[in-house]
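Order-wise, the sequence lines are chains A and B. Read in order, the letters of the first sequence correspond to residues 1 to 265 in the working numbering. Read in order, the letters of the second sequence correspond to residues 266 to 533 in the working numbering. Working notes for the structure below.
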Amino acid sequence: MSAWLEQPKDLLANVGEGAKFSAKIMGQVYSLRVLRFLGEALRQAGVLITSSTVVIWGLVFIIGLQCGLEGAYFTRSIGSPAYAGVFAAWCDLRELVPYAFGYMMAAKVGTGIVAELGSMRISEEIDALEVMGFDSVLFLCATRLLASWLVLPFMYVAAIGAGFFASYLTVVEQVGDVSSGGYLLIFWMFQNPPDLLYSLIKAMSMATVIVLVGCYYGYNANGGPVGVGTATAKSMVVNLIMVHLIGMLGTQLFWGANPRAPIGG
Amino acid sequence: MASTVVNRVFDPAKGALEEVGDMMILAGKTIVSAVRPPYSYGDEFVHQFLFALRLCWFPLLVSTVAFGFGAPGLQAANFLVLFGALDRLGGFFVLASIREFAPFVTAVVLAGVAGTAITADLGARKIREELDALQVLGVDPVKSLVVPRFLALMIVTGLFDVYALIFGIFGGIVATLVNGAPLGPFWATFFGNASTTDLWGSFVKCTLFGAIIAVVCSYKGMTAKGGAEGVGRAVNQAVVIAFLGIFAFNYVFTQTLLATNPEMLVIK
């Protein structure tokens, strides 16, 4: 009996620890104490831009191709290929670009943070920081969160652009059932600035959770070099579940009660 | 100056191409060694199969229900309700779930959960020099470690596709019920539009995703280097490459399937 209860108990304890740790980091960013290490935050922002942007845009581009493809064939099958833009607009902006962004953020940035902080923990660099009188959570985790908030909104909007471009390529250039003008008319008709904002909110919530999860698992890694690998793998499980849950909750919240479509009166 | 620019552009490209080539070689070696006797990898295969099963069932359940309810469920239901045609949601789920998201959500979860575990495990063995020790003992690491993981992950990913289908459609059912509609028309249009081609396409795609994940993650684990940071970095790179590989393959496969089987596009 007690063995059965052990697992949920551990899970709850871990969730609580993680939430406490995350709240601490968020507090440090919101109270602007993180600005003491603004240089480090800017350096992390630079690392994020140079090492992760292209990969994230690449995955979003491929997903955009996929959306366009399914949209073109689906609307062809219901006999209205001119309306491929509806499918592409909703599929790209509302659902799959945030998901693709979340997947690649988890894979590239989240596990990257765990690997980096974990190896710092194993080689006792974090303890060394503490001994030198640095607040290690502030220096390592809060700067990373601030860096991601500085960079990611812009990166995400550009990623949406990559997805739109890819859908255009498949629907108009590759499958070619609809003219360029006809596609773009419908495509832009079925989205508006609030949709973009909602999509951005969804993606930024995913990114924040991913950075916090990465910091938690990396900062608390233990058990030698093998431990870093295990912590990296574990962080990925949590990240994937969170990305999907945030995606679903975002859809329910922003579009659940109101389709936001220019149809009907 | 010009040569440094050229080097900056071409060296990473060359490195990436070499890595892809090495992965292809590993895939070839794995397949050859899987079919050539002796078949000594049975125990490890069962072990890996159960390991992936135990690790992935819960994340996959949450992911597929959430994805099925949110993306195709709510959004498509919203659209169809405007036309008073919510019964068509079942037909849409054939496209959304069977053809598209069941395989790729399965692959993403398997790569993120089982794939990372494989890389972490093999990477740890590599830097503790266990792989070298195996070779010294005359045991082939490809046959004893990679082949069982390759086969187990292929089969597990293929089978998990069924599981993802069931729970993805469950998400669609919830979306229908949330809109206060009866389920009969959902099932009627779902089974009316479902075709065997869709189903086998989904399975084949998902099984091949499993092969991609297994090869990439085993390769990255077996070539991990550089101590504590090395294993973590290997996991990081493995999951990035696996995701890119999965989605690029998904695009090519779906395009080929849709273009060569026009009969599955007919709405019934």
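Just so it is clear, CB atoms sit at the ideal spot from N, CA and C, and this is done for glycine as well.
Next on the checklist: Is there a C-beta anywhere in chain A that falls below 8 angstroms from the one on P224(B)?
Outcome noted: Here chain B has residues from 266 to 533 only, and residue 224(B) is not among them.
Checklist entry - Does the beta carbon of R144(A) sit closer than 8 angstroms to a beta carbon anywhere in chain B? => result As a position in the first sequence, residue 144(A) is number 144, starting the count at 1. By this cut-off, R144(A) is not an interface position.
Checklist entry - What distance in whole Å lies between the Cβ atoms of A459(B) and A367(B), which are believed to be in contact at a cut-off of 8 angstroms? => result What you label residue 367(B) is simply residue 102 of the second sequence in a count that begins at 1. What you label residue 459(B) is simply residue 194 of the second sequence in a count that begins at 1. Rounded, the Cβ-Cβ distance is 12 angstroms, inconsistent with contact.
Item to check | Cross-chain neighbours of F74(A) in chain B, by beta carbon under 7 angstroms | outcome: The residue labelled residue 74(A) in the question sits at position 74 within the first sequence. Near F74(A) (Cβ distances below 7 angstroms), the residues of chain B are L360.
Next on the checklist: I want to see whether chain A comes within less than 8 angstroms of W349(B), judged by CB atoms only; does it?
Outcome noted: What you label residue 349(B) is simply residue 84 of the second sequence in a count that begins at 1. In the sequence on display, residue 349(B) carries Gly and not Trp. Not an interface residue.
Next on the checklist: Does any residue of chain B have a CB that is nearer than 8 angstroms to the CB of G247(A)?
Outcome noted: By one-based count along the first sequence, residue 247(A) stands at place 247. Yes, G247(A) counts as interfacial toward chain B.
Next on the checklist: Considering only their Cβ atoms, is the gap separating L339(B) from T251(A) smaller than 8 angstroms?
Outcome noted: For the purposes of this step, residue 251(A) is taken as residue 251 along the first sequence, with counting starting at 1. For the purposes of this step, residue 339(B) is taken as residue 74 along the second sequence, with counting starting at 1. Contact: yes.
Item to check | chain B contacts from the segment 210 to 238 of chain A (Cβ-Cβ distance under 8 angstroms) | outcome: G224, P225, V226, V228, G229, T230, A231, T232, A233, M236, V237
Next on the checklist: Using a Cβ-Cβ cutoff of 7 angstroms, what residues of the segment 496 to 512 of chain B are near chain A? List them in chain order.
Outcome noted: V496, G497, R498, V500, N501, V504, V505, F508, L509, F512
Checklist entry - Is the shortest distance between the beta-carbon of A278(B) and the beta-carbons of chain A less than 8 angstroms? => result Residue numbering aside, residue 278(B) sits at position 13 when the second sequence is read from its first letter. So no, A278(B) is outside the interface.
Checklist entry - In three-state DSSP terms, what is E394(B)? => result Residue numbering aside, residue 394(B) sits at position 129 when the second sequence is read from its first letter. Residue state, collapsed to three classes: coil.
Checklist entry - Of all the options L196(A), T230(A), H244(A), V97(A), which has the alpha carbon lying nearest to the alpha carbon of V60(A)? => result Position 60 of the first sequence, counted from the first residue, corresponds to residue 60(A). Among L196(A), T230(A), H244(A), V97(A), the Cα nearest to that of V60(A) is on V97(A).
Next on the checklist: Taking 7 angstroms as the limit between beta carbons, can you name the residues of its chain near K294(B), skipping five residues before and five after?
Outcome noted: Locating residue 294(B) in the second sequence gives position 29, where the first residue counts as 1. V407, listed in sequence order.
Item to check | Segment limits, alpha helix (DSSP H) that includes C91(A) | outcome: Position 91 of the first sequence, counted from the first residue, corresponds to residue 91(A). Premise fails: C91(A) is in no alpha helix (DSSP H) and is neither H nor E.
Checklist entry - Just to confirm, are A479(B) and L418(B) a CB contact at a threshold of 8 angstroms? => result As a position in the second sequence, residue 479(B) is number 214, starting the count at 1. As a position in the second sequence, residue 418(B) is number 153, starting the count at 1. Their beta carbons are under 8 angstroms apart, which means A479(B) touches L418(B) by this criterion.
Checklist entry - Just how far apart, CA to CA, sit V274(B) and L402(B)? => result Taking the first residue of the second sequence as position 1, residue 274(B) is located at position 9. Taking the first residue of the second sequence as position 1, residue 402(B) is located at position 137. Approximately 42 angstroms, taken between the alpha carbons.
Checklist entry - If you measure beta-carbon to beta-carbon, which residues of the segment 177 to 204 of chain A are closer than 7 angstroms to chain B? => result none
Checklist entry - Taking only runs of the alpha helix (DSSP H) that begin and end inside the segment 434 to 461 of chain B, which ones reach a length of at least 4 residues, in chain order? => result 449 to 458
Item to check | Rounded Cβ spacing between L184(A) and Y516(B) (contact assumed at less than 8 angstroms) | outcome: The sequence position of residue 184(A) within the first sequence is 184, counting from 1. The sequence position of residue 516(B) within the second sequence is 251, counting from 1. With a Cβ gap of about 22 angstroms, L184(A) and Y516(B) do not count as contacting.
Checklist entry - When the cut-off is 8 angstroms and only beta carbons count, does Q340(B) lie next to chain A? => result Counting from one through the second sequence, the residue named residue 340(B) turns up at place 75. For Q340(B), the answer is yes, since a Cβ of chain A falls inside 8 angstroms of its Cβ.
Checklist entry - What's the call for G176(A), buried or exposed, on a 16-neighbour Cβ count within 10 Å? => result For this step, residue 176(A) is matched to residue 176 along the first sequence. Exposed, because fewer than 16 other Cβ atoms sit within 10 Å of the Cβ of G176(A).
Next on the checklist: Closer than 8 angstroms is the cut-off here; do at least three beta carbon pairs connect the segment 477 to 497 of chain B with the segment 290 to 305 of chain B?
Outcome noted: yes
Item to check | Cβ-Cβ separation, G486(B) to K391(B) (assumed contact under 8 angstroms), whole Å | outcome: Within the second sequence, residue 391(B) is the residue found at index 126, counting from 1. Within the second sequence, residue 486(B) is the residue found at index 221, counting from 1. Yes, K391(B) and G486(B) are in contact; Cβ-Cβ is about 7 angstroms, under 8 angstroms.
Checklist entry - How would you list, in chain order, the residues of chain B whose beta-carbon sits under 7 angstroms from the beta-carbon of V55(A)? => result Here residue 55(A) refers to the residue found at position 55 of the first sequence. Within chain B, the residues near V55(A) are V505.
Checklist entry - Can you check whether the CB of R414(B) is closer than 8 angstroms to the CB of S328(B)? => result In the second sequence, residue 328(B) corresponds to position 63, counting from 1. In the second sequence, residue 414(B) corresponds to position 149, counting from 1. In this structure, R414(B) does not lie closer than 8 angstroms to S328(B) by Cβ.
Next on the checklist: Taking 6 angstroms as the limit between beta carbons, can you name the residues of its chain near G85(A), skipping five residues before and five after?
Outcome noted: Here residue 85(A) refers to the residue found at position 85 when the first sequence is read from its first residue. Correct list, in chain order: Y183, I186, F187.
Checklist entry - Does the Cβ-Cβ distance between V237(A) and P324(B) come in under 8 angstroms? => result Along the first sequence, read from residue 1 onward, the residue named residue 237(A) stands at position 237. Along the second sequence, read from residue 1 onward, the residue named residue 324(B) stands at position 59. In contact: V237(A) and P324(B) (Cβ atoms closer than 8 angstroms).
Checklist entry - Name the chain A residues that come within less than 9 angstroms of T269(B), Cβ to Cβ? => result Counting from 1 along the second sequence, the entry for residue 269(B) is found at position 4. Within chain A, no residue comes near T269(B); the closest Cβ sits about 17 angstroms away, beyond 9 angstroms.
Next on the checklist: Taking 8 angstroms as the limit between beta carbons, can you name the residues of its chain near S467(B), skipping five residues before and five after?
Outcome noted: On the second sequence, position 202 is the one that residue 467(B) refers to. Counting only Cβ-Cβ distances below 8 angstroms, and skipping sequence neighbours, we find I363, R364, A367, P368, D426, L430.
Item to check | Nearest neighbour of L509(B), chosen from G247(A), N14(A), I63(A) [CA to CA] | outcome: The sequence position of residue 509(B) within the second sequence is 244, counting from 1. With distances taken between Cα atoms, L509(B) lies closest to I63(A).
Item to check | Exposed unless 16 or more other CB atoms sit within 10 angstroms - verdict on S199(A) | outcome: To locate residue 199(A), count along the first sequence from 1; it is residue 199. Looking at its Cβ environment, which holds 16 or more other Cβ atoms inside 10 Å, S199(A) is buried.
Next on the checklist: Against chain A, which members of the segment 391 to 402 of chain B pass a CB distance test of less than 8 angstroms?
Outcome noted: I392, R393
Checklist entry - Can a CB atom of chain B be found closer than 8 angstroms to the CB of I49(A)? => result Counting from 1 along the first sequence, the entry for residue 49(A) is found at position 49. Not an interface residue.
Checklist entry - In whole angstroms, what is the alpha-carbon distance linking T525(B) and A41(A)? => result Along the second sequence, read from residue 1 onward, the residue named residue 525(B) stands at position 260. Along the first sequence, read from residue 1 onward, the residue named residue 41(A) stands at position 41. Straight-line Cα distance between these residues: approximately 51 angstroms.
Checklist entry - My guess is that G433(B) and G333(B) are in contact by the Cβ rule of under 8 angstroms, so how many angstroms apart are they, rounded? => result Counting from one through the second sequence, the residue named residue 433(B) turns up at place 168. Counting from one through the second sequence, the residue named residue 333(B) turns up at place 68. G433(B) to G333(B), Cβ: 4 angstroms. Contact.
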